[in-house]
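J.: These protein sequences, in sequence, are chains A and B.
Residues in the first sequence are numbered consecutively from 2, following this note's numbering.
Residues in the second sequence are numbered consecutively from 19, following this note's numbering.
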Amino acid sequence: MTDAPLLIVGASMAGLRTAEGARRAGYDGPIEFLGAEAHAPYNRPPLSKELLQTEGHGHDEVAFPIRSALEQGVTWTLGRAAASLDAERRVVVDEAGVEHPYSSLVIATGLRPKPLPIPSHGLGGIHVLRTLDDAVGLRSALRPGANVVILGSGFVGCEIAATAAKNGCSVSIVTQSAVPLDRALGPELGGEVRRRHEAHGVRFFTRDGLFGLVGETAVERVILTSGVMLECDVLVVAIGSDPNTEWLQGSGLDVSDGVLVDAGLRAIGVDGVVRPDVFAVGDVARYPNPLFDDVPRRVEHWNLPTETGKRAGQLIAAHLRGDDCEPLAAAGFAPLPSFWSDQYDMHLLAFGMTYLADRRELVAGSLDDECVVEYFRGETLVGVCGIGMRSLVQSYRSRFSMPSATV
Amino acid sequence: MIKIDVDMNKCQHYGQCVFEAPEVFQLNADDKLEYKAEAPDEMLADLEAAADVCPMQAIMLTRE
Ligand SMILES: Cc1cc2nc3c(=O)[nH]c(=O)nc-3n(C[C@H](O)[C@H](O)[C@H](O)COP(=O)(O)OP(=O)(O)OC[C@H]3O[C@@H](n4cnc5c(N)ncnc54)[C@H](O)[C@@H]3O)c2cc1C
Ligand code: SF4
Chain A
2 MTDAPLLIVG
12 ASMAGLRTAE
22 GARRAGYDGP
32 IEFLGAEAHA
42 PYNRPPLSKE
52 LLQTEGHGHD
62 EVAFPIRSAL
72 EQGVTWTLGR
82 AAASLDAERR
92 VVVDEAGVEH
102 PYSSLVIATG
112 LRPKPLPIPS
122 HGLGGIHVLR
132 TLDDAVGLRS
142 ALRPGANVVI
152 LGSGFVGCEI
162 AATAAKNGCS
172 VSIVTQSAVP
182 LDRALGPELG
192 GEVRRRHEAH
202 GVRFFTRDGL
212 FGLVGETAVE
222 RVILTSGVML
232 ECDVLVVAIG
242 SDPNTEWLQG
252 SGLDVSDGVL
262 VDAGLRAIGV
272 DGVVRPDVFA
282 VGDVARYPNP
292 LFDDVPRRVE
302 HWNLPTETGK
312 RAGQLIAAHL
322 RGDDCEPLAA
332 AGFAPLPSFW
342 SDQYDMHLLA
352 FGMTYLADRR
362 ELVAGSLDDE
372 CVVEYFRGET
382 LVGVCGIGMR
392 SLVQSYRSRF
402 SMPSATV
Chain B
19 MIKIDVDMNK
29 CQHYGQCVFE
39 APEVFQLNAD
49 DKLEYKAEAP
59 DEMLADLEAA
69 ADVCPMQAIM
79 LTRE
């Protein structure tokens, strides 16, 4: 089946970058995107920031430009989810029962928010945030004076809290953690983030959770496990995400936690065998990063859809040309994760895997102003995070290098 | 030539672009972005890489 397209499931950032990468590496055959959302690929970070506070902003403001390399030979099948994969026959079946044959397959289906952990009883006013449609729905609910309760204190929860507080909402964060962002950034920066939120009127209920909801048709109050009762017009569930891999059940791929891939982003089966024509990229992929160790992980940072997509694109082009992909795959894949977060006038910028650290050190500035914190696992630097001080944080990039034993 | 536009209302001066195309993008002494408005076609791959990594998606490229 030589004229079957390169099929990319998930019209996502990672999928887009893979298509661009394959074109750049010389693949000029047909490409098909099969995406569950009605929208062409767009940038998600503004969904918890600018777009959430700017009435009228929509797809136009966040869409990725489609480069000239993708103007020809690309089919967009949008608003249609993949339902199953038959890897033997090289066919994806969508939810309407239509078959999509492929020459190579890219899995770029990302994550979805974990749902409310208690029964919702069909009450309105309960939100999650992952998609543009989620953001538009949440934006219209964040009216000045609204009582907003955010469950979860990760990046998405904290950013929504900051935006809601700026919009004049009365905001509470309910979290099982002792401080916000503690898993990602540790107690020092987490405590400082809390202080800054409190200075903007956000209330924290830490080491706490949701016990029940009260309301007629929409949620009116929430009861916390500590017994506290909070007025609530808008409940946002931001307690992490799960990979979109249900459609891959029974496909023979290892999808125990995202899609397990090798250093060439090629899917690995439950039998441990690499599938040369199936790739996974972006948040849904689980792979080891030799900058840190050999443990395969899913990493949800914005620069990795681009890094994984570019790399997968190279291997796909080589595979579809009939080249031997082993040397390329063996070359190792060690992208430096980078992430940032904007809350109020605080700009956090980080490199590495701060959450692997067992020790942190403030090396510049002071927490309540601008600062840089280094993250260590044992003696090894595994991450750095700054509030402001961007040049200094940027200068750390060269300090993450491969342990000399590998590659 | 490739024309480079950075939307300075969006740019947060993160400097990610600097690492992909240092010939074009630089952070000055005040940590603020400075960039060249034009670059030769050979730089397209680097410039696209810079546009890709910009967290604010503030970099626009046009072939002229
Ligand atoms: C609100 C928000 C704010 C963020 N802010 C930041 C930030 O400030 N800094 C940072 O570093 N990172 C941030 N991130 C993380 C970053 O946006 C993600 O890492 C990135 O979007 C992941 O891209 P992806 O291409 O892997 O997957 P996704 O963007 O999740 O795209 C997956 C696509 O696949 C589709 N899909 C799912 N299942 C199917 C199916 N069965 N068939 C077809 N299509 C399917 C989905 O509908 C979706 O369109 C943020 C994320 C969110 C949600
Ligand atoms: S990467 Fe984007 S936001 Fe950062 S300095 Fe460059 S243009 Fe500005």
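Note that the Cβ used here is the ideal one computed from N, Cα and C, for glycine as well.
Since the model is a prediction, treat every value here as computed from it, not as a measurement.
#1: Any chance the CB of residue 131/A is under 7 Å from a heavy atom of ligand 1?
#2: Regarding residue 45/A and ligand 3, is the C-beta to nearest heavy atom distance less than 7 Å?
#3: Mind listing which residues have their beta carbon within less than 6 Å of any non-hydrogen atom of ligand 2? Chain order is fine.
#4: Within the 8 Å Cβ cut-off, does residue 71/B reach chain A?
#5: Could you work out which residues of chain B lie near residue 315/A, taking near to mean beta carbons separated by less than 7 Å?
#6: With C-beta atoms as the reference, is residue 81/A less than 8 Å away from residue 5/A?
#7: Please report whether the beta-carbon of residue 25/B lies at a distance below 8 Å from any beta-carbon of chain A.
#8: Is residue 49/B close to chain A, meaning its C-beta is less than 8 Å from at least one C-beta of that chain?
#9: Taking Cβ positions only, does residue 37/B come closer than 8 Å to chain A?
#10: Considering only their Cβ atoms, is the gap separating residue 43/B from residue 76/B smaller than 8 Å?
#11: Strictly below 7 Å CB to CB, what residues from chain A border residue 32/B?
#12: Measuring straight from C-alpha to C-alpha, what distance separates residue 257/A and residue 127/A?
#13: Indicate whether at least one CB of chain B lies closer than 8 Å to the CB of residue 309/A.
#14: Report the option in 159/A, 178/A, 158/A, 143/A whose CA atom is closest to the CA atom of residue 170/A.
#15: Counting Cβ pairs closer than 8 Å, one from the stretch 386–394 of chain A and one from the stretch 335–350 of chain A, do we hit at least three?
#16: Residues of chain B with a CB under 7 Å from the CB of residue 303/A: which are they?
#17: Along the chain, which unbroken stretches of the alpha helix (DSSP H) at least 4 residues long are found entirely within the stretch 12–72 of chain A?
#18: Which residue or residues does DSSP assign as beta-bridge partners of residue 54/B?
#19: Determine the burial state of residue 46/B: buried for a count of at least 16 other Cβ atoms within 10 Å of its Cβ, exposed for fewer.
#20: Ordered along the chain, which non-local residues of its own chain (more than five positions away) have a Cβ less than 8 Å from that of residue 408/A?
#21: In whole angstroms, give me the CA-to-CA distance for residue 2/A and residue 160/A.
#22: If we call anything under 8 Å between Cβ atoms a contact, is residue 125/A one with residue 219/A?
#23: With DSSP run on the structure shown, which of helix, strand or coil describes residue 347/A?
#24: Flag residue 409/A as yes when its Cβ comes closer than 7 Å to any non-hydrogen atom of ligand 1, and as no otherwise.
#25: Less than 8 Å between the beta carbons of residue 23/A and residue 317/A, yes or no?
#26: DSSP three-state call for residue 127/A: helix, strand or coil?
#27: Do we get a CB-CB distance below 8 Å when we pair residue 18/A with the residues of chain B?
#28: What distance in whole Å lies between the Cβ atoms of residue 25/A and residue 314/A, which are believed to be in contact at a cut-off of 8 Å?
#29: For residue 61/B, which beta-bridge partners are listed by DSSP?
#30: Based on the DSSP secondary-structure assignment, which residues constitute the bridge partners of residue 115/A?
#31: Could you tell me the boundaries of the beta strand (DSSP E) in which residue 78/A lies?
#32: Drop a sphere of 10 angstroms on the beta-carbon of residue 38/B, count the other beta-carbons inside from all chains shown, and report buried for 16 or more, exposed for fewer.
#33: Excluding the 5 residues preceding and the 5 following residue 241/A in the sequence, name in chain order all residues of the same chain whose CB lies nearer than 8 Å to its CB.
#34: Starting from residue 65/B, find everything on chain A with Cβ-Cβ shorter than 9 Å and list it in chain order.
#35: Taking the alpha-carbon positions, what's the residue 48/A to residue 234/A distance?
#36: Shorter than 7 Å, the distance from the beta carbon of residue 12/A to the closest heavy atom of ligand 1, or not?
T.: The relevant details are as follows:
#1: yes
#2: As far as ligands go, the structure on display features ligand 1 and ligand 2 and does not contain ligand 3.
#3: 24/B, 29/B, 30/B, 31/B, 32/B, 33/B, 34/B, 35/B, 43/B, 51/B, 72/B, 73/B, 74/B, 76/B, 77/B
#4: yes
#5: In chain order: nothing, as chain B lies at least about 13 Å away.
#6: no
#7: no
#8: yes
#9: yes
#10: no
#11: 341, 350, 391
#12: 29 Å
#13: no
#14: 143/A
#15: yes
#16: 73
#17: 14–25, 51–54, 60–63
#18: Partner(s): none; residue 54/B has no beta bridge.
#19: exposed
#20: Here residue 408/A scores only 38 on pLDDT, less than 50, and its place in the model is too uncertain to base an answer on.
#21: Because the pLDDT at residue 2/A is just 45, under 50, the model does not fix this residue reliably, and the value given afterwards should be weighed accordingly. Between residue 2/A and residue 160/A, the C-alpha separation is close to 47 Å.
#22: yes
#23: strand
#24: Past the boundaries of the shown model lies residue 409/A; chain A is included only from 2 to 408, so the question cannot be answered.
#25: yes
#26: strand
#27: yes
#28: 7 Å
#29: Beta-bridge pairing links residue 61/B to no other residue.
#30: BP columns for residue 115/A are empty, so no partner.
#31: 75–79
#32: buried
#33: 114, 115, 153, 155
#34: Residues of chain A passing the Cβ test: none, with the nearest at roughly 11 Å.
#35: 20 Å
#36: yes
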